[in-house]
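Here is the structure we will look at, set down as structure tokens.
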Amino acid sequence: MNNQPKADKELARLVSKLINVIIVLMVMVVALSALLFFYIPEPKEEIKVQGPEPDQYGNFTDAAKQEALKVKDTTNYWIAPETSVLEGNPAKEKILYGQDLIAHTANYFGPQGKVFKSSTNGMNCQNCHLNAGTKIFGNNYSAVASTYPKFRARSGQIEDMYKRVNDCFERSLNGKAIDTNSNEMQAIVAYIKWLGTDVKNGTVPEGAGLKKLAFLDRAANPENGKTVYTQKCASCHQANGEGIMNGDKTAYTYPPLWGNNSYNDGAGLFRLSNFAKYVKYNMPLGVNHDSPQLTDEEAWDVAAFVNSQVRPKKDIKKDWPKIEEKPFDHPFGPYKDGFSEEEHKYGPYQPIKDKLAALKNK
Ligand code: HEC
Ligand code: HEC
5 MNNQPKADKE LARLVSKLIN VIIVLMVMVV ALSALLFFYI PEPKEEIKVQ
55 GPEPDQYGNF TDAAKQEALK VKDTTNYWIA PETSVLEGNP AKEKILYGQD
105 LIAHTANYFG PQGKVFKSST NGMNCQNCHL NAGTKIFGNN YSAVASTYPK
155 FRARSGQIED MYKRVNDCFE RSLNGKAIDT NSNEMQAIVA YIKWLGTDVK
205 NGTVPEGAGL KKLAFLDRAA NPENGKTVYT QKCASCHQAN GEGIMNGDKT
255 AYTYPPLWGN NSYNDGAGLF RLSNFAKYVK YNMPLGVNHD SPQLTDEEAW
305 DVAAFVNSQV RPKKDIKKDW PKIEEKPFDH PFGPYKDGFS EEEHKYGPYQ
355 PIKDKLAALK NK
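Just add 4 to wherever you are in the sequence shown, counting from 1, and you've got this note's numbering.
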């Protein structure tokens, strides 16, 4: 009988030990949650743009791209005609061939090209003229038929559409010009003319070409641009900038931004202003003029980074025969304005523009 109090005591000790253990455990749980809550950094917000995805062979379908790159804000902007209106048009075949040549240039002039094998770097016109040159502020062709032939200071000549198309063949596609009378050139020009059917001669519709972008008040910075590139571009265009080809190596899934197969240093995109405008309102893929992801600084800095990498060179000694007409961001001298090649390439641009304007008014 006198064992009972001892057993009770034992039990009480056990219970209190148990309670202690529970309390310690609870404190640990609370402390751990607090630790997790306050000290584990939130995962860095990765910018994920709703963009089109290639299929398992690395090819995009045109329909998927058209849908994904469709601009939401179309009010007051030029809208390309629908190809369905071509029914019954005697030039239908030709125009559709032109569209296909723009969208899938590599199939005709790329590494396995049906017309000319490897007469270009393997890129498509559409890589830079989005949705076959129809996207609002996606470097579209809306103002080509209405403004050509026109005088261009780069060549110092009146240029027609054939010359302008071949400019992009020789510079952006770093390739050979094609014969003006070829079916391919005739089809490309027929398509571009048809796109501009509703645009009044001599006018440039809203949404044409590229959207304006304000200058920075400092020089664009390739170092900062490298960080932007790594975080926001390399996943598609690759760390080495050379892009990725599709499964059967006939065309690019993600086109190159520098290296042997990129545009050459005589191309439009080699000027930082063109590059920054294109990228700000179109990249990462899926971005539109009304939904940009990059700040202005990021766009200019990534332009500076990409355009400081190695790329093919073009002999452009004959460009800009009047040197006072070289644009503010043309990076090759000589100049009349007293600024250096470095300043012309990276900016700040406003002082250069002011000086050029002053020289012009003299
Ligand atoms: C690497 C990018 C790139 C590729 C690829 C490219 N272009 Fe261009 N293209 C440009 C840029 C940038 C401009 C504007 C240049 C400027 O205004 O200085 C341009 C301008 C043009 C223009 C004049 C547009 C206007 O409104 O005045 C035409 C026409 C054109 N390109 C046709 C083509 C064709 C056809 C192809 C394929 C054979 C092609 N481009 C491939 C970047 C490219
Ligand atoms: C989700 C994938 C993806 C990301 C991310 C991306 N791009 Fe692109 N980019 C593309 C594709 C695809 C094209 C070609 C579009 C077409 O053909 O319709 C392209 C085209 C381009 C072009 C014109 C073609 C060329 O190769 O010269 C430039 C310039 C460009 N991108 C720059 C950038 C920059 C700078 C960034 C980062 C801010 C970026 N891109 C992020 C997929 C991407």
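We put the beta carbon where it would ideally sit given N, CA and C, even for glycine. All values derive from a computational prediction rather than experimental measurement.
Taking only beta-carbon atoms, is residue i less than 8 Å away from chain B?
| i | result |
| --- | --- |
| P153 | No chain B is part of this structure, which consists of one protein chain only. |
Write down the C-beta distance between residue i and residue j rounded to the nearest angstrom, noting that I regard them as a contact closer than 8 Å.
| i | j | result |
| --- | --- | --- |
| Y256 | G137 | The pair is not a contact, with the Cβ atoms about 17 Å apart (cut-off 8 Å). |
| R222 | K318 | Contact doesn't hold; Cβ gap of about 29 Å is too wide. |
| K349 | L276 | 7 Å |
| N268 | N178 | 5 Å |
| A224 | G351 | 6 Å |
| P94 | D202 | P94 to D202, Cβ: 19 Å. No contact. |
| P316 | N264 | 7 Å |
| A194 | K98 | 5 Å |
| T207 | S150 | 6 Å |
| K76 | N135 | Not a contact, Cβ separation roughly 14 Å. |
| D294 | R158 | That belief does not hold up - the Cβ atoms of D294 and R158 are roughly 31 Å apart, past 8 Å. |
| S123 | K180 | 5 Å |
| V148 | I196 | 5 Å |
| I182 | F173 | 6 Å |
Would you check whether ligand 1 has a heavy atom nearer than 7 Å to the C-beta of residue i?
| i | result |
| --- | --- |
| V148 | yes |
| S278 | Position check: residue 278 holds Asn in this sequence, whereas Ser was assumed. Result yes, Cβ under 7 Å from ligand 1. |
| G213 | yes |
| F120 | no |
| R315 | no |
| Y166 | no |
| F173 | yes |
| S312 | no |
| S123 | no |
| L273 | yes |
| M127 | yes |
| N292 | no |
| I196 | yes |
| I192 | yes |
| N264 | no |
| Y81 | no |
| H133 | yes |
| N143 | yes |
| L39 | no |
| V169 | yes |
| S186 | no |
| L363 | no |
Opposite residue i in the DSSP bridges: which residues?
| i | result |
| --- | --- |
| F309 | Note: F309 sits in no beta bridge, so no partner. |
| R156 | Q161 |
| Y256 | M249 |
| N144 | G213 |
With hydrogens ignored, establish whether the beta-carbon of residue i is closer than 7 Å to any heavy atom of ligand 2.
| i | result |
| --- | --- |
| S295 | no |
| Q354 | no |
| Y258 | yes |
| Q130 | yes |
| K74 | no |
| K230 | no |
| M30 | no |
| H108 | no |
| G55 | yes |
| N261 | The sequence as given places Leu at residue 261; Asn does not occur at that position. Flag set: Cβ of L261 near ligand 2. |
| Y267 | yes |
| H348 | no |
| P288 | yes |
| L298 | yes |
Below 8 Å between beta carbons: does that hold for residue i and residue j?
| i | j | result |
| --- | --- | --- |
| V314 | F279 | no |
| N250 | G55 | no |
| L298 | K281 | no |
| S146 | W82 | yes |
| C132 | L40 | no |
| L360 | E301 | no |
| V53 | P325 | no |
| Q356 | F332 | The question names Gln, but residue 356 is Ile in the sequence shown. Their beta carbons are under 8 Å apart, which means I356 touches F332 by this criterion. |
| D305 | G245 | no |
| A72 | G290 | yes |
| H241 | L214 | no |
| P115 | T231 | no |
| G270 | P259 | no |
| I320 | P338 | no |
| L363 | K340 | yes |
Three Cβ pairs or more, each shorter than 8 Å: is that satisfied between the region 233 to 249 and the region 133 to 142? no
Can you confirm whether the region 189 to 206 touches the region 162 to 173 when touching is taken to mean that 3 or more C-beta pairs between the two stretches lie within less than 8 Å? yes
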